[in-house]
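Report on the following structure.
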DNA sequence: GGTCCACAGGAAGCCTTGGAGT
DNA sequence: ACTCCAAGGCTTCCTGTGGACC
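Numbering (the numbering used here), first residue to last: 43 to 377.
Next up, the structure:
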């Protein structure tokens, strides 16, 4: 017994024909995407990627979409750009300048989207942006970030001055907007009258992140005997959050997942605020039990920062005092 | 005011991978 | 087949931090 007729509209990846509540942003994107550099910024789950992808689909120029969470160095991003432009796999081993030379031959009238740019900046600096924004037949670049509000603070002055993006800000969804979107998706996806209004209201009043909201409603619908009730929604809250974090972690390494698991264990065991050193210790213990391979604390420290950027954990930095220089970390209950 | 805390995070170097030249 | 080169992943080493405590 299931209330789902077609699960597609409830999937986060689904791009509906009509997008609710983002008319202004959509227009800005449509008007500017192909003619000038853009910086799209806003918290997670506000529809940035979604709308940019839709704008790409409607663009007349060629487009490249790079997810910098997966391709977090200049080199890897260049490989992706070239591979999308030439429609062929590009292996490693070439000199960066060789990739750049080949891209320059092809990059005419191209729009390049760099999603999750924070991760590339964190890992490899701004060389990629500098290079792309100074190309002779300059492609237009759209950078999407969740953590970096003001790129002029993160980029070298010389990079920012040639990049000069127009900023498009995405505000968090309001409860009413989340409600409206969920209701629309539920109507397309589920049997009629199979969702209680209170159930949707509860989700909409708990989270401003549409990605979480959709995961939540979808999970509830999959569990429902014949109706999605508020009780059911409340009951599966934790499970839905876990599913959301799993999808966020799936693009990262097993070490990231072991690290996250270590923090989860420690916060379950008592203190919900944990010190970095304790997490490293637990990570080492768990990783060596799993397959023996453990990474250094230095490396894991970088991974911890990535989890912070994904908004999965919250870190408070101490630069002195009785605790010394450390981070106090807690799980982020995504809202 | 000197020492300690408990790491953060930069720099340098090692190892592996894969293309290019001979 | 061999050597050379460049890139990323990772480790090792090291310096810096600033309030608490003596």
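By construction, the Cβ of each residue, glycine as well, lies at the ideal position given by its N, Cα and C atoms.
Fair warning: this is a prediction, and the values are worked out from it, not measured in the lab.
Helix, strand or coil for residue i, going by three-state DSSP, please let me know.
i	result
residue 157	strand
residue 351	helix
residue 80	strand
residue 296	helix
residue 208	strand
residue 132	coil
residue 104	strand
residue 250	coil
residue 214	coil
residue 199	helix
residue 53	coil
residue 115	coil
residue 338	coil
residue 288	helix
residue 150	coil
residue 190	coil
residue 257	helix
residue 178	coil
residue 143	helix
residue 364	coil
If you check the beta carbons only, do residue i and residue j fall under 8 Å apart?
i	j	result
residue 186	residue 174	no
residue 145	residue 122	no
residue 353	residue 86	yes
residue 231	residue 80	no
residue 45	residue 266	yes
residue 89	residue 212	yes
residue 368	residue 332	no
residue 308	residue 321	yes
residue 153	residue 274	no
residue 124	residue 210	no
residue 103	residue 151	yes
residue 62	residue 93	no
residue 198	residue 166	no
residue 251	residue 272	no
residue 128	residue 148	yes
residue 342	residue 305	no
residue 115	residue 157	no
residue 57	residue 95	yes
residue 208	residue 64	no
residue 100	residue 233	no
Quick one: is the Cβ of residue i within less than 7 Å of any heavy atom of the ligand MN?
i	result
residue 232	With respect to the ligand MN, the structure offers nothing, as it holds no ligand at all.
Who does residue i pair with in a DSSP beta bridge?
i	result
residue 109	157
residue 46	232
residue 359	369
residue 315	According to DSSP, which records beta bridges pairwise, residue 315 is partnered with nothing at all.
residue 184	80 and 155
residue 270	237
Skipping 5 residues on each side, what residues in its chain have a beta carbon closer than 6 Å to that of residue i?
i	result
residue 365	none
residue 237	228 and 270
residue 379	Outside the shown range of the chain, which is 43 to 377, sits residue 379, and nothing can be said about it.
residue 196	163 and 190
residue 132	121, 124 and 125
residue 176	204
residue 315	370 and 372
Near residue i, which residues of its chain fall below 8 Å by C-beta distance, leaving aside the five closest residues on each side in sequence?
i	result
residue 460	Lying before the first or after the last residue shown, residue 460 is absent from the chain, which here runs from 43 to 377.
residue 142	120 and 173
residue 317	365, 368, 369, 370 and 371
Please work out which residues of its chain come closer than 7 Å, Cβ to Cβ, to residue i, disregarding the five sequence neighbours upstream and downstream, and give them in chain order.
i	result
residue 291	298, 299 and 302
Touch test, the region 150-168 against the region 102-117, Cβ-Cβ under 8 Å, three pairs minimum: The region 150-168 vs the region 102-117: in contact.
For the 8 Å Cβ check, are there 3 or more pairs between the region 244-251 and the region 214-225? Short answer: they touch.
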